[in-house]
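Q: Supplied in structure tokens, the structure appears directly below.
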Amino acid sequence: MLSDEVVLISGVGAGLGAKLATRAAAEGAKVVAAARSGDVLAQVEQDVAAAGGEALGVRCDVRDPDDVSRVVRTATERFGPITGLVNSAYGHPGFTDLLDTPEKKLRRSMDIILFGALNMAREVMPHMRAAGRGSIVNIGTMATRKPLRGEGGYAVAKEAMAAATRFLALELGESAIRVNQAVLGWLDGPGVRFYLEMTAQQRGVDEQQVYDEIAARNPLGRIPTDDACTGGILFLLSRYASEITGATLDVNGGEYMPS
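Start counting the sequence shown at 1; every next residue gets the next number (my numbering).
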């Protein structure tokens with residue numbers, strides 16, 4: 001699906017990011033994983049190499065344009081022009097009401113989610129133009145679809161990125177660069193497993209009960225796993241989605257169905 005592609009993924013963590021990196025490599029891409037944590041990056045490199053793929057982990061703070069420039073330069077020196085970008089770096093300002101969330105925390109989330117994605121897109125754009133093609137996938141959140149109290153600061157930053165997705169699709173289309181968004185909901189990975197355990201302890205119930213309550217919101221009757229949700233993102237990156245740009249793909253088990 002991704003043969004001859006060089007894919008850069010920002011904000012690679014132990015859950016979705018790591019799964020996405022290994023799946024992209026399995027589909028034939030040369031993968032560049034960027035994150036602030038070196039431990040996860042080293043594991044991704046090992047996992048991809050063990051599966052016979054190629055991956056490069058580079059530490060990066062997407063808020064720093066110099067850091068982003070270094071990552072892209074390192075990636076292109078190793079693999080050639082970047083043709084795929086996934087903006088998944090995020091920062092959550094805390095589970096408080098929007099007006100109660102300190103401005104400093106709101107700005108940090110915006111700097112990572114919106115301006116970090118723009119830093120990445122700005123830096124890879126010349127390489128995509130040189131390659132004659134490119135695909136950017138921004139990772140959205142269900143909190144912009146179904147507002148939940150305490151998610152306001154996070155959702156505002158993601159909604160700004162959603163608007164940027166549409167404008168970038170409009171502006172970069174003439175350069176054969178596609179820009180789309182994948183909106184994810186509950187993800188059965190390390191973060192949700194921690195939430196299940198914590199909630200079960202607080203309520204004095206079994207973890208399975210908490211899981212079942214969340215899963216019941218989805219027509220598929222389960223919480224989508226990190227690994228399973230990578231498929232939609234890989235599709236948008238691939239040439240199978242050659243005529244899709246400016247679109248939002250819901251990858252959340254049907255929890256939200258656009259009209």
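The C-beta atom is built at its ideal place from N, Cα and C for all residues, glycine as well.
Buried or exposed for K158, going by 16 or more other Cβ atoms inside 10 Å?
A: Result: buried.
Q: Where does K146 sit, in a helix, a strand or coil, going by DSSP?
A: coil
Q: Thinking C-beta only, is D250 closer than 7 Å to T225?
A: no
Q: For E123, which of helix, strand or coil comes out of DSSP?
A: DSSP, reduced to helix, strand and coil, places E123 within a helical segment of the structure shown.
Q: Would you be able to state if there are at least three C-beta pairs under 8 Å between the segment 84 to 98 and the segment 10 to 20?
A: yes
Q: Which residues mark the beginning and the end of the alpha helix (DSSP H) in which R59 is found?
A: No alpha helix (DSSP H) contains R59, which is instead part of the beta strand (DSSP E) from E54 to R59.
Q: Got a sec? Which residues, its chain only, sit under 7 Å from P190 by beta carbon, not counting five neighbours each side?
A: So the list reads A14 and G15, once near-sequence residues are dropped.
Q: Scan the segment 32 to 112 and note each continuous beta strand (DSSP E) run of 3 residues or more that stays entirely inside, going in chain order.
A: 54 to 59 and 84 to 87
Q: Return the chain-ordered ranges of every alpha helix (DSSP H) run that is complete within the segment 192 to 242 and spans a minimum of 4 residues.
A: 207 to 215 and 226 to 237
Q: In the DSSP output, which residue or residues are listed as bridge partners for G134?
A: Paired residues: I177.
Q: In terms of residues, what are the limits of the beta strand (DSSP E) holding T248?
A: Where T248 is concerned, the enclosing beta strand (DSSP E) stretches over T248 to V251.
Q: Tell me whether V12 sits in a helix, a strand or coil according to DSSP, three-state version.
A: coil
Q: How is A182 classed by DSSP in three states: helix, strand or coil?
A: Here A182 carries a strand assignment [DSSP, helix/strand/coil].
Q: May I have the straight-line CA-CA distance separating I223 from Q201, to the nearest angstrom?
A: 20 Å
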